[in-house]
Amino acid sequence: MKNARRITSLVAAGALTLGMGTTVLPSAASGAPTTTERTRDLVGEKARCTAAIEVRLTTLTRLNGSLAAAKSITAGHKSTQTASNTAAASGLGALKTKIAADTDAATLGADCRLIVEGYRVFALRAPQTHLVIAGDTEASAVAKLSDVVPRLADAIDKAGAAGKVVTVAQAALTDLTAKLADAATKTNGLADSVIGFAPADYNADHTLLDGARANVRIAAADLKAARADIKTITTTLKD
Amino acid sequence: MNATLHHHRTASISRRLLVVPAAAVFLLATACGGNGTKTATTNAPATVASTTTVGGASATGATPEVSTTVAKAPTTAATKATPVTTPPAVVAAVKAVDVIASDVDKVLIDVDKALAEVDKALSDAVANGD
Chain A
1 MKNARRITSL VAAGALTLGM GTTVLPSAAS GAPTTTERTR DLVGEKARCT AAIEVRLTTL
61 TRLNGSLAAA KSITAGHKST QTASNTAAAS GLGALKTKIA ADTDAATLGA DCRLIVEGYR
121 VFALRAPQTH LVIAGDTEAS AVAKLSDVVP RLADAIDKAG AAGKVVTVAQ AALTDLTAKL
181 ADAATKTNGL ADSVIGFAPA DYNADHTLLD GARANVRIAA ADLKAARADI KTITTTLKD
Chain B
240 MNATLHHHRT ASISRRLLVV PAAAVFLLAT ACGGNGTKTA TTNAPATVAS TTTVGGASAT
300 GATPEVSTTV AKAPTTAATK ATPVTTPPAV VAAVKAVDVI ASDVDKVLID VDKALAEVDK
360 ALSDAVANGD
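Chains as they are written, first to last, in the working numbering: chain A, 1 to 239; chain B, 240 to 369.
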């Protein structure tokens, strides 16, 4: 009886961890679940945990697809993040096999909690992957735009020497330089700052990606403003 | 011989005497403003008229006759600013920059997609109990 209650509570805890809510119904006569009820609950819980693993495996496959398709990510970051996602998929695959073989609720409950706390696919791996892609893509944009600055400065000088009014172009160039400097600061080392995080790090601090996420947003705004400055300069010089 | 010389000198003096009074009369008339012609100022704005006093104030105090002349409008050629041509080096630089900027546009689209995926991942995390 004591063991039965313990099994019931552990299975319920596992389901709660997964956010799937389950109820183990007590036997009408004694108030305790019967063997049949317990077996049915274990089977149901296994199915729910397996489904939770499947959705995570699908996500990890999609994340590695995004990494493979990313044009501006460095080879090292692509390799490292892909390896992290692949290791997570491998671990979840092994866990799925183990869960299928679990025979007691305590083990099943612990294994089901591990799906979330041991891998953090949605809370860590997915945003981490996209932050790495975003950080490297922004760093690439900063490099491309920085290459444009001396060309524009030279063109403005030449246009001014030819008698064109370049006041607006000069102001836009100043803003462009400032925006690029800020974007470079925000993206410098961004991918490296998040790529090493493991599920245990997230378990200890749920806000560990917030700083990188904010910096990616600021850098994106800087780059858009820089792009607008370039348009202003080229339009002014063409006129 | 002497008679001939004398005749030439006399004729020369006479011509000088005729020229000098004529010049004096002209200068006197100009000084008094009489019958002086004034040339309209070219390139002056069309709305500004030049005023010419005809006949000038006479010694008798008669009111001078005033005529108004509208100056000619400035010619187009005189007012049009010389166009500044863009140096070929600037045109080439702008073209090169446009190509790079177009590439950056695509990169910025990728950045937006990555940001959207980060947001989606975080909402998925909530939905999946992460």
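For every residue, glycine included, the Cβ atom is placed at its ideal position computed from N, Cα and C. None of the values given here were measured: they were computed from a predicted structure.
Following the DSSP letters along the chain, one finds Ile233/A inside the alpha helix (DSSP H) bounded by residues Asp210 to Lys238. Using a Cβ-Cβ cut-off of 8 Å, Asp147/A is close to Ile339 of chain B, given in chain order.
At a beta-carbon threshold of 7 Å, the residues of chain B lying near Lys158/A are Pro326, Ala328 and Val329, ordered along the chain.
The alpha-carbon separation between Val194/A and Thr103/A amounts to approximately 38 Å.
Within 10 angstroms of the beta-carbon of Ile73/A lie 16 or more other beta-carbons, which makes it buried. By the CB criterion at 8 Å, Glu138/A and Ala183/A fall inside the cutoff.
Between Ile233/A and Ile156/A, the gap from beta carbon to beta carbon is short of 8 Å.
If you draw a 10 Å sphere on the C-beta of Asp369/B, you find 16 or more other C-beta atoms in it, and that means buried.
For a Cβ distance threshold of 7 Å, residue set Val346, Asp349, Val350 and Ala353 of chain B lies close to Thr137/A, ordered along the chain.
Classified as exposed, Glu54/A has fewer than 16 neighbouring CB atoms from the shown chains inside 10 Å of its CB. The Cβ-Cβ distance between Arg125/A and Ala88/A falls below 8 Å.
Taking Ser66/A as the centre and dropping the five residues before and after it, the same chain places the C-beta of Thr129, His130 and Ile133 closer than 8 Å to its C-beta, in chain order. Inclusion of Val343/B and Arg151/A in the CB contact set at 8 Å is not warranted, their separation being larger than that value. Burial state of Pro322/B is exposed, judged by a 10 Å Cβ sphere holding fewer than 16 other Cβ atoms. Nearest C-alpha to Thr82/A among Thr97/A, Gly93/A and Arg62/A: Arg62/A.
Annotation: Cβ neighbours of Asp154/A in chain B (cutoff 7 Å, chain order): Ala332. Neighbours of Arg217/A in chain B, taken as residues at a C-beta separation under 8 Å, are given in chain order as Leu354. Closest in C-alpha terms to Lys179/A, from the list Ile218/A, Val121/A and Arg113/A, comes Ile218/A. For the stretch 176-199 of chain A, the beta-carbon criterion of a distance under 9 Å to any beta-carbon of chain B is satisfied by none of its residues.
Per DSSP, Ile348/B is one residue of the alpha helix (DSSP H) stretching across Pro327 to Ala366. Around Ser140/A, the beta-carbon contacts reaching into chain B at under 7 Å are Val346. Interface annotation, Ser72/A: in contact with chain B, CB-CB separation under 8 Å.
Look at Gly160/A here: in three-state DSSP terms it is helix.
Cβ atoms of Ala123/A and Tyr202/A come within 8 Å of each other, at about 6 Å.
Cβ contact annotation for Val166/A (same chain, cutoff 6 Å, sequence separation greater than five): Ile156, Ala159 and Gly160, in chain order.
Residue-level contact check: Ile53/A does not touch chain B, since none of the beta carbons of chain B fall below 8 Å from its beta carbon. Around the CB of Asp239/A, fewer than 16 other CB atoms lie within 10 Å, so the residue is classed as exposed. Under the Cβ criterion of 8 Å, Lys224/A is counted among the residues facing chain B. Each of Arg113/A, Leu114/A and Pro127/A was checked against the Cα of Ala353/B, and the nearest Cα belongs to Pro127/A. Per DSSP, the unbroken alpha helix (DSSP H) holding Ala178/A starts and ends at Thr167 to Thr187. The residues Ala141 and Ala183, in chain order, have a CB closer than 6 Å to that of Leu223/A in the same chain once the five nearest residues on each side in sequence are set aside. Taking the CA atoms as reference points, Thr50/A sits about 6 Å from Lys96/A. Relative to Gly163/A, the option among Asp41/A, Thr236/A and Leu42/A whose CA is nearest is Thr236/A. Neighbourhood of Gly93/A in chain B, by CB distance below 9 Å: empty, with the nearest CB roughly 18 Å away. The closest CA to that of Ala110/A, considering only Leu60/A, Asp136/A, Ala204/A and Glu45/A, is found on Glu45/A.
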